[in-house]
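Notes for the one structure printed next.
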Amino acid sequence: MKTILNRIGATRVTPARFFGFWAILFALVFSLTSCDDDLDVQQSYPFTVEVMPYGDKIANGETVELRMTIVPEGNYTNTLYTIRYFQYEGKGSLKLVDGPTLVNNDRVLLESKQFRLNYTAHSSESHELLITIEDNYGTHWEQTFEFNNKDNGGTGSLIVTPINPGTITPVSQ
């Protein structure tokens, strides 16, 4: 036993051995502490909504169809989208084609990224409504739609005012 201890004590510590020992120790500590078992998976992606061109004037009892497509910047399979609207001016109803009639300021789950809305006017005045689409991670898109009355002498035109973060992009036919 004494010979082993004498050999260990007799080993010369050269600068190369000294720095080599610290380099190996540093590499060992770094490799054991730098790994992380958690994966960073992005679930929330920004999105825009493309709106097809539509009629700009509406009369009492008429319906205008709004065709929309949600275009996310990434794809996560568990993303859910909801829609709601708020009508500022005029009287009318908004209905998902093949779906329920929307109640002012109530959320409805969208079953597809492509959908159609029918807006039916119930008055002869101009109409203004805000449509909001939101995903289950809090990212939202808002768009204001204004329809002028057909009987206003032709002086009005459609005014679409985008509100961040969305943009309006007509889809060619």
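Per our numbering, the very first residue in the sequence shown carries number 45; after that it's consecutive.
For glycine and all other residues, C-beta sits at the position ideal for the given N, C-alpha and C.
Contact annotation: the region 68-77 does not touch the region 107-127, with fewer than three C-beta pairs closer than 8 Å. In this structure, D179 places its C-beta atom within 8 Å of the C-beta atom of F91. It is roughly 13 Å from the alpha-carbon of T58 to the alpha-carbon of W66.
In the pairwise beta carbon analysis, the region 187-195 is classified as not touching the region 139-156: fewer than three pairs are separated by under 8 Å. Judged by pairs of C-beta atoms under 8 Å, the region 127-143 touches the region 165-180, as three or more such pairs exist. In this structure, the beta-carbon distance from M96 to L161 does not fall below 8 Å. Assignment of beta-bridge partners to N193 by DSSP yields I102.
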